[in-house]
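Take a look at the structure set out below.
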Amino acid sequence: MKDNNDFKPLDLNETDIFEPIDLSKTAIFEPIDFSNEFEPIDFSKFDFEPEEFDKCVEKLNKELEIALENAEKNLDDL
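According to full-length UniProt numbering, the stretch in the sequence shown is residues 1 to 78, in order.
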């Protein structure tokens with residue numbers, strides 16, 4: 001049986017596995033540009049008939065759902 005007294009602690013100064021990673025060179029951590037993702041909508045619910053307002057809200061909900069799906073897909077692709 002081998003004697004376990006021969007154990008030597010790992011000298012972290014002699015290994016390169018703990019070298020710091022320059023995250024600026026990785027595509028994963030590049031800033032995301034959201035400037036063209038959404039167009040602001042300036043309106044009041046009182047500017048519309050109730051049916052028209054409901055259509056606008058439905059359209060906005062669809063756009064937000066698509067944006068969320070795209071964001072989730074982008075995260076899955078990482």
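Ideal Cβ placement from N, Cα and C applies to all residues, glycine included.
When the Cα atoms are used, what is the spatial distance from residue i to residue j?
| i | j | result |
| --- | --- | --- |
| F46 | E52 | 11 Å |
| N74 | L68 | 10 Å |
| D54 | D77 | 35 Å |
| E72 | E58 | 21 Å |
| D42 | C56 | 12 Å |
| N70 | K62 | 12 Å |
What span of residues does the alpha helix (DSSP H) with residue i cover, start to end?
| i | result |
| --- | --- |
| E52 | 50–77 |
Step through the CB atoms of chain C and report whether any lies within less than 8 Å of the CB of residue i.
| i | result |
| --- | --- |
| E63 | Absent here is chain C; the protein component of the structure consists of one chain. |
Considering only C-alpha positions, which residue in the set the options is nearest to residue i?
| i | options | result |
| --- | --- | --- |
| E39 | E72, E49, L60 | L60 |
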